[in-house]
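Reviewing the structure listed below.
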Amino acid sequence: MLDSTKLNPADEIVLGRDFMTLSQHVLSQIGTFSAEAYDLSALMGRIGLAGKTIARHLSRAGLVENVLGVTGEVNVQGEAVKNMDRYANRVFLRAFEQSGLVCRLASEEMEKPYYIPENCPIGRYTLLYDPIDGSSNIDVNLAIGSIFSIRQQEGNDESGEALDLLQSGRKQIGAGYILYGTSTMFIYSLGKGVHAFTLDPSIGEFILFQEHIKIPNKGSVYSVNEGNFWQWDEPMREYVRYMHRQVGNTARYSGALVADIHRILFQGGVFLYPGMVGHEDGKLRLLYESAPLAFLIEQAGGRATTGLQEILDVIPDRLHARTPLIIGSSENVKEVESFLNK
Ligand code: AHM
Ligand code: MG
Numbered sequence: 000m001l002d003s004t005k006l007n008p009a010d011e012i013v014l015g016r017d018f019m020t021l022s023q024h025v026l027s028q029i030g031t032f033s034a035e036a037y038d039l040s041a042l043m044g045r046i047g048l049a050g051k052t053i054a055r056h057l058s059r060a061g062l063v064e065n066v067l068g069v070t071g072e073v074n075v076q077g078e079a080v081k082n083m084d085r086y087a088n089r090v091f092l093r094a095f096e097q098s099g100l101v102c103r104l105a106s107e108e109m110e111k112p113y114y115i116p117e118n119c120p121i122g123r124y125t126l127l128y129d130p131i132d133g134s135s136n137i138d139v140n141l142a143i144g145s146i147f148s149i150r151q152q153e154g155n156d157e158s159g160e161a162l163d164l165l166q167s168g169r170k171q172i173g174a175g176y177i178l179y180g181t182s183t184m185f186i187y188s189l190g191k192g193v194h195a196f197t198l199d200p201s202i203g204e205f206i207l208f209q210e211h212i213k214i215p216n217k218g219s220v221y222s223v224n225e226g227n228f229w230q231w232d233e234p235m236r237e238y239v240r241y242m243h244r245q246v247g248n249t250a251r252y253s254g255a256l257v258a259d260i261h262r263i264l265f266q267g268g269v270f271l272y273p274g275m276v277g278h279e280d281g282k283l284r285l286l287y288e289s290a291p292l293a294f295l296i297e298q299a300g301g302r303a304t305t306g307l308q309e310i311l312d313v314i315p316d317r318l319h320a321r322t323p324l325i326i327g328s329s330e331n332v333k334e335v336e337s338f339l340n341k
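Note that numbering that gives the first Met the number 0 has the sequence shown beginning at 0, numbered continuously upward.
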């Protein structure tokens, strides 16, 4: 007689994976059933909800109004705001209102942090995020992402200046990104390895794809905007010329940091956004772009540096501070450094 409580081995594997959702995984990572564990699991769940909402909106680009195109405004970075930038920024804010989890959010799109006073008595976390990374890809239906970083709020921030955020990336308690690509993926770390999930749109859940991802020690990919070649210092140009001469190396640059880092996380290589003439700190912002990705890549066994200092050791002097970024497989990063330190 058939035992209906038992599964055959093949079903066991499929169902086992299908049943490991993001929030379950966060709880299992922390390993306790403390209030903090539930808070972090709920927090990650709200970030996942923001990601699902943004993915759904993106999937209707060209069908409904205000997904593509620009708003006509310019943000604090001096960049044209796209409709998707504004929408995604608001989605994150809405996801955390009345959540009781986060007192303060800071993003690429807002000059100052956004406070949710009703959360502040209990919500001791700050979420820093880039709502849409790779904005120039939106209107041409290419991969984009969202990046996030979680920090504990220190003190009561009575001045409203968020000065406690001006500390090194080692203060992050978690970080990750959402990749809106051919599928939507959620990658996170709470300091115990890097884990990847894929959105199953039919059930609306992020399902475990791979745990404890390790970045290869060395890869053949270098990812940099070579259109800026003549804006770099000579050692950086020398490194890229060297890469041109090595057989087997290949260039990949998508215009979205999240997508390029995702490739490097799984396949190895290096991403570079160096300083340029008149922009010595490059383009990428420390607190919600470089530092969270550095946290992830270090957790996966790779490295991230400005060329002079580990990214996680950089202390920003303002919320929207920028840094040069060299990030990826440890051997590749070392190779870049050997040119910069010549
Ligand atoms: P964004 O967050 O405003 O989109 O800017 C960040 C993006 C990165 O995703 C990408 O690596 C870089 O800017 C591309 O810049 P460029 O066009 O100068 O190469
Ligand atoms: Mg960005």
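Cβ atoms here follow ideal geometry from the backbone N, Cα and C, with glycine treated the same way.
Keep in mind it's a predicted model, so treat the numbers as computed, not measured.
In three-state terms, what does DSSP make of Q298? helix
Backbone secondary structure at H261 - three-state DSSP: helix
Kindly indicate the opening and closing residues of the alpha helix (DSSP H) around Q23. 21-29
Supposed close pair N136, G254 - CB separation, criterion 8 Å: 5 Å
What residue range does the alpha helix (DSSP H) around A79 cover? Segment 79-81 is the beta strand (DSSP E) holding A79; no alpha helix (DSSP H) there.
Let me check you understand the geometry: is the CB of Y179 closer than 8 Å to at least one non-hydrogen atom of ligand 1? no
Just the Cα atoms here: how many angstroms apart are G133 and Q28? 30 Å
Rounded straight-line distance, which links the Cα of V101 to that of Y342: Nothing about residue 342 can be read from this structure; the chain reaches only from 0 to 341.
Using a 10 Å radius around the Cβ and a threshold of 16 neighbouring Cβ atoms, would you call Q151 buried or exposed? exposed
How about F95 and L57: are their beta carbons less than 9 Å apart? no
Does the region 176-185 come close enough to the region 221-238 to have 3 or more Cβ pairs within less than 8 Å? no
Assuming S328 and G268 make a contact with CB atoms under 8 Å, what is their CB distance in whole Å? 6 Å
State yes or no: is the C-beta of Y252 within less than 9 Å of the C-beta of N331? no
Tell me, which residues are paired with L198 by DSSP? F205
Which residues share a DSSP beta bridge with L126? L104, I149
Going along the chain, which residues of its own chain have a beta-carbon closer than 8 Å to the beta-carbon of A161, five neighbours each way excluded? R103, A105, K111, P112, T125, L318
On the CB-based measure, 16 or more other CB atoms within 10 Å of its CB, does S182 come out buried or exposed? exposed
Ligand 1 heavy atom lying under 8 Å from the CB of I46: no
With H, G and I counted as helix, E and B as strand and the rest as coil, what does DSSP make of F185? strand
Measuring straight from C-alpha to C-alpha, what distance separates Y272 and D38? 35 Å
Report the three-state DSSP secondary structure of A245 (helix, strand or coil). The question names Ala, yet the displayed sequence has Gln at residue 245. Three-state DSSP puts Q245 in coil, outside helix and strand.
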